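Trainee:
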Amino acid sequence: MLQFLERMAAGSRLGFSRFLLSIILLFLMSTPGESACVDDALYGVDKDTLLMASKSVYRVLDDWRAVVFWLPLSKVTICDQVGNVDDEMAIYYEIRNQDKNQMVRAMRER
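Mind the numbering: the sequence shown is residues 541 to 650 in the numbering used here, read in order.
#1: A593 and L582 - do their beta-carbons sit closer together than 9 Å?
#2: Using three-state DSSP, classify R599 as helix, strand or coil.
#3: Going by alpha carbons, who is nearest to C577 out of F559, Y633, D626?
#4: Take the Cβ of A630 as the centre, count every other Cβ of all protein chains shown within 10 Å, and call the residue buried at 16 or more, exposed below.
#5: If you run the structure through DSSP and keep just helix, strand and coil, what is R645?
#6: Just to confirm my understanding: we take V644, look at its own chain, exclude 5 residues before and 5 after, and list those with CB closer than 7 Å. What are they?
#7: Using three-state DSSP, classify R650 as helix, strand or coil.
#8: Short of 8 Å in beta carbon distance, which residues of its chain neighbour V597, apart from the five on each side in sequence? Order them along the chain.
#9: Quick check: the Cα distance between S614 and F559, rounded to an integer number of angstroms?
#10: Distance, Cα to Cα, N637 vs K595?
Encoded structure:
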């Protein structure tokens, strides 16, 4: 191990710089991407449909009874996800109610 370190120290600085740069690039390329999230407010709930203050409409994929007690003006965070919906890969949204500390999956209607 000591001989390896001596060879590395004796090598040119340019070779070490390229090695260090390649390690940094590998690290940056391997970090997971984060999903895009937006904050919104709940305008109303109609069975399995969530109406947002931003005029967005979402259809709940999970059990719609989970959102029955979500109150208007509740703070929500909406994050887009890619995953399995009805045995197909699709983009869906995780809607987190910050006031109730609950989360449901939904599809965007408009």
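Just so it is clear, CB atoms sit at the ideal spot from N, CA and C, and this is done for glycine as well. Note that the coordinates shown come from a computational prediction; the quantities given were computed from them, not determined experimentally.
Mentor: Let me lay it out:
#1: yes
#2: strand
#3: Y633
#4: exposed
#5: strand
#6: V600, D602, A606, V607, I635
#7: coil
#8: T589, L590, L591, R648, E649, R650
#9: 51 Å
#10: 17 Å
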